[in-house]
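Let me begin by presenting the structure, written as structure tokens, before commenting on it.
In the working numbering, the protein residues as written are 1 to 270.
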């Protein structure tokens, strides 16, 4: 007997929610708090993604799609218009600085490895690197943050050494929560895109490799393998992206898009 499509969708939704709910409960968020955010999300997506002829969806259509009243849709739309976007600039700037340190020839030695940099100076220095890749974030702010998360260290010589290529905020830091939301959104966007395609249309790449009968004691070995191989793969992707980055002239001529790939460890602890 065929399963009810709506029931299947709601069951899948519940599966998606479980890790999110785990994060919310740890942060003291109740179901009522989350329900209000869900209402905002429904109105936001119905407005932006379900309009006709390329226009935003009108209030009546949003009300029909979401099951909310027209009055509540209007209130939530006003709330959305007044809401400030989360500030991802420090996170993005930190990532660009680390990537530049690994890829920009000015900050590499003769073997292609990142140089240990003085904090300031007219040549290759952290200040020069931060001003080139850090946007409008002050070099001292970037320095403190990258040292705080263990991405760079100060050597006994006083020079700064980069320890890893990617910015990863502490799990207890608000930026780590914002990053988690961004990662889940990226994965979800790919899945939603693929599910909405007509038969025969090319999908965006998405795949998994799993095995359900590994020994729990192999967890550390698997993590070490993934850290090594996954990091190497991400670095090759990073280099491809940097090579194909649009020039300033091309940015004025062509439409720009964000491209990338994510790698994450799968492990059931239940």
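Note that the Cβ used here is the ideal one computed from N, Cα and C, for glycine as well.
Can you list, in chain order, the residues of its chain whose CB lies under 8 Å from that of residue i, leaving out five sequence neighbours each side?
i: residue 1; result: Reliability of the predicted coordinates at residue 1 is poor, the pLDDT of 40 falling under 50, and no value is obtained from them.
i: residue 180; result: 23
i: residue 186; result: 260, 262
i: residue 20; result: 184
So, are the CB atoms of residue i and residue j less than 9 Å apart?
i: residue 114; j: residue 183; result: no
i: residue 223; j: residue 265; result: yes
i: residue 238; j: residue 102; result: yes
i: residue 64; j: residue 77; result: no
i: residue 97; j: residue 134; result: yes
i: residue 46; j: residue 62; result: yes
i: residue 273; j: residue 16; result: Absent from the model: residue 273. The displayed extent of the chain is 1 to 270, so no value can be given.
i: residue 197; j: residue 190; result: no
The alpha helix (DSSP H) spanning residue i covers which residue range?
i: residue 52; result: Looking at the DSSP string, residue 52 is not in any alpha helix (DSSP H), and its letter there is neither H nor E.
i: residue 108; result: Careful: residue 108 lies outside any alpha helix (DSSP H) and carries neither H nor E.
Can you tell me whether residue i is buried or exposed, with buried defined as 16 or more other CB within 10 angstroms of its CB?
i: residue 37; result: exposed
i: residue 129; result: buried
i: residue 126; result: buried
i: residue 145; result: buried
i: residue 240; result: exposed
i: residue 217; result: exposed
i: residue 169; result: buried
i: residue 205; result: exposed
i: residue 236; result: exposed
i: residue 57; result: buried
i: residue 254; result: exposed
i: residue 225; result: exposed
i: residue 107; result: buried
i: residue 91; result: buried
i: residue 73; result: buried
i: residue 99; result: buried
i: residue 243; result: exposed
i: residue 66; result: buried
Looking only at its chain, what residues have a beta carbon closer than 7 Å to the beta carbon of residue i, apart from the 5 residues adjacent to it on each side?
i: residue 263; result: 230, 233, 234
i: residue 246; result: 254, 256
Less than 8 Å between the CB atoms is what I'm expecting for residue i and residue j, so what's the real figure, rounded?
i: residue 80; j: residue 43; result: 7 Å
i: residue 250; j: residue 219; result: That belief does not hold up - the Cβ atoms of residue 250 and residue 219 are roughly 45 Å apart, past 8 Å.
i: residue 164; j: residue 151; result: 5 Å
i: residue 39; j: residue 68; result: 7 Å
i: residue 167; j: residue 94; result: 4 Å
i: residue 139; j: residue 148; result: Not really, about 15 Å apart at Cβ, beyond 8 Å.
i: residue 160; j: residue 116; result: 7 Å
Looking at the secondary structure, which residues open and close the beta strand (DSSP E) in which residue i lies?
i: residue 162; result: 160 to 162
i: residue 137; result: Looking at the DSSP string, residue 137 is not in any beta strand (DSSP E), and its letter there is neither H nor E.
i: residue 239; result: No beta strand (DSSP E) contains residue 239, which is instead part of the alpha helix (DSSP H) from 219 to 243.
i: residue 152; result: 152 to 154
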